[in-house]
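Below: one structure, written as structure tokens.
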Amino acid sequence: MSVKNIINTFNQWKESKQTIVLATVYETLGSTYSKAGQRIIINNEGDYQGLVSGGCLEGDIVERANSVILENNSKIISYDMRDEADDIFGLGAGCNGLIRIILQPLLSANNYEPLTSINRALYEDRSLGQGLPTIVTIIDSSKKEALSGDTVIADKDLNIIYSSISNKSLVNNLLKDQHLSQNNEVLFKKDLEGISALYSLIAPIPKILILGAGLDSMPIIKMSSILGWRTTIVDHRPAYFEKNNFEDADESILIAKPEELRRRCDLNSFDAVVVMSHHLASDKAYLEQLKDKEFPYLGLLGPIARKNRLINSIDKGEYYFKDKLKGPVGIPIGADSPETIALSLLAEIYTKIN
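In terms of numbering that gives the first Met the number 0, the sequence shown opens at residue 0 and continues consecutively.
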């Protein structure tokens, strides 16, 4: 299940004032379905969104969540599937690993924190080169100022976004000792001055801009939606929006001409841009709008000769696009249809933004 699906479900449950439990994997050993940082949510009716296993543990996690709701206290649970006898007498997961999870009650009286603040951070646009917010979840503590389940969320400059710990000195100590980087998104620290905590980065939900609303853009949008990415599709041809159904897109923008792109879109908010109007003059106009922008991924559909022709037609095109414009797009899987091209393209984007 994507983070976006979990958050959408969370917002629905929050709107209906349900009691919710946030389950977070904080440590694993051996072979497990998910790793530290994976989250699911459970409500007071026994429904859940997300997976921490292939479905073999979730039923038991729901039962454990009921006691968390009744007692209004966080709880630590563990599943040790390294014993082969468990396949016969236990849950039968067969994963041969150990997984430890913290369950945190989320209450309407506390505005469903910390997930409400996590939600906001997930939908903030990621600026290239900037750091990401950090969430610190207390797993175990010998200090009375911090209890299991207490949470601190700070922005990239370590300014506090949310904290259930009132002791500012303790909060500052927790944050100054975190050493997460873009390549180290989750870190479980044991016995940090009497506290064990899970540190993780909050990476915003990826945001993709598709320039061209032809039929071949539809599987890209559909698959992006399944992945839980945010998609914006732009075109200057009204007939394309009338003919095609883009209900899976988060935003559809009809512009009068490609030269309006900068005025209508905040280009700095996107993780990936794909130019695919299949019209030479339009693609050139879009590239002119993009040439001095930096994106983790910028792609142009079509053969390499077409890409080179477009680059050469743009003033200083070689300077702007030589090293940053990908084309042909996608990883080499022998794609020969709109669906397989979409698959190879999104796989390539995924490797770039992760």
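The C-beta atom is built at its ideal place from N, Cα and C for all residues, glycine as well.
DSSP beta-bridge partners of residue i
i    : result
N42  : I19
K74  : L102
S162 : V151
E26  : R99
Y47  : I41
D79  : L97
Cβ separation of residue i and residue j, assumed to be a contact under 8 Å, to the nearest whole Å
i    : j    : result
I340 : G333 : Not confirmed; about 11 Å, so no contact.
L97  : L28  : 4 Å
I360 : I39  : One cannot answer for residue 360 here, as it falls past the ends of the chain, which runs 0 to 353.
I254 : E287 : I254 to E287, Cβ: 14 Å. No contact.
K195 : D139 : Correcting the residue type first, residue 195 is Ser in the shown sequence and not Lys. About 4 Å separates the two Cβ atoms, so the contact holds.
S224 : P257 : Not a contact, Cβ separation roughly 25 Å.
T358 : A248 : This structure cannot speak to residue 358, because the chain is shown only from 0 to 353.
Y285 : L260 : 6 Å
Y354 : I19  : The structure shown does not extend to residue 354, since the chain is modelled only from 0 through 353, so no value can be given for it.
N71  : R81  : That pair is no contact at about 33 Å.
S73  : V51  : Contact doesn't hold; Cβ gap of about 16 Å is too wide.
Length of the line joining the Cα atoms of residue i and residue j
i    : j    : result
L127 : K188 : Legend: pLDDT at L127 = 45, less than 50; position of this residue unreliable, value from coordinates given subsequently. Each residue's Cα considered, the two are about 28 Å apart.
D322 : A145 : 49 Å
A202 : V185 : 11 Å
Q17  : Q11  : 9 Å
G326 : S1   : 28 Å
D291 : Y319 : 7 Å
P302 : V233 : 22 Å
S268 : S141 : 42 Å
V272 : F294 : 7 Å
I60  : R229 : 30 Å
I219 : L69  : 44 Å
K242 : R236 : 11 Å
Y78  : K315 : 59 Å
L297 : L344 : 11 Å
Y349 : V274 : 17 Å
D335 : L342 : 11 Å
I209 : A304 : 21 Å
G58  : E44  : 13 Å
S216 : P337 : 8 Å
I152 : G53  : 29 Å
D154 : N311 : 42 Å
K21  : D46  : The amino acid at residue 21 is misidentified as Lys; the sequence shows Leu. Cα to Cα, the separation comes out at about 12 Å.
G36  : Y25  : 6 Å
K175 : P113 : 20 Å
T136 : Q103 : 10 Å
N118 : L226 : 17 Å
E14  : Y161 : 21 Å
C55  : T31  : 12 Å
N7   : S168 : 35 Å
L191 : Y198 : 12 Å
F9   : D265 : 27 Å
P331 : K3   : 28 Å
M222 : S165 : 43 Å
N109 : F240 : 43 Å
A120 : L300 : 32 Å
I41  : Q48  : 7 Å
K143 : D149 : 11 Å
T133 : I159 : 10 Å
D270 : K351 : 9 Å
R262 : E62  : 52 Å
F245 : L214 : 10 Å
S147 : S163 : 11 Å
A403 : K306 : No answer is possible for residue 403: the residues shown for the chain start at 0 and end at 353.
K206 : A64  : 33 Å
Residue i CB to nearest heavy atom of the ligand PLP below 6 Å
i    : result
L344 : Questions concerning the ligand PLP fall outside what the structure shown contains, since it holds no ligand whatsoever.
Residue i, enclosing beta strand (DSSP E) - first and last residue
i    : result
T230 : 229-234
K206 : 206-210
K188 : 185-188
Opening and closing residue of the alpha helix (DSSP H) in which residue i lies
i    : result
F9   : 2-14
K175 : 167-175
S195 : From DSSP, S195 is part of no alpha helix (DSSP H) but of the beta strand (DSSP E) over 194-200.
P203 : Per DSSP, P203 belongs to no alpha helix (DSSP H) and is neither H nor E.
K34  : Neither: K34 is in no alpha helix (DSSP H) and is coded neither H nor E.
E338 : 337-352
L226 : 216-226
F240 : 237-242
Neighbour flag for residue i against chain D, beta carbons, 7 Å
i    : result
F245 : Considering every chain present, this structure includes no chain D. It has just one protein chain.
- Item | Ranges of the beta strand (DSSP E) found wholly within the region 108-158, counting only runs of at least 3 | 133-140, 150-153
- Mind listing, in chain order, the continuous beta strand (DSSP E) runs of no fewer than 3 residues lying wholly within the region 249-327? 250-253, 271-274, 296-299
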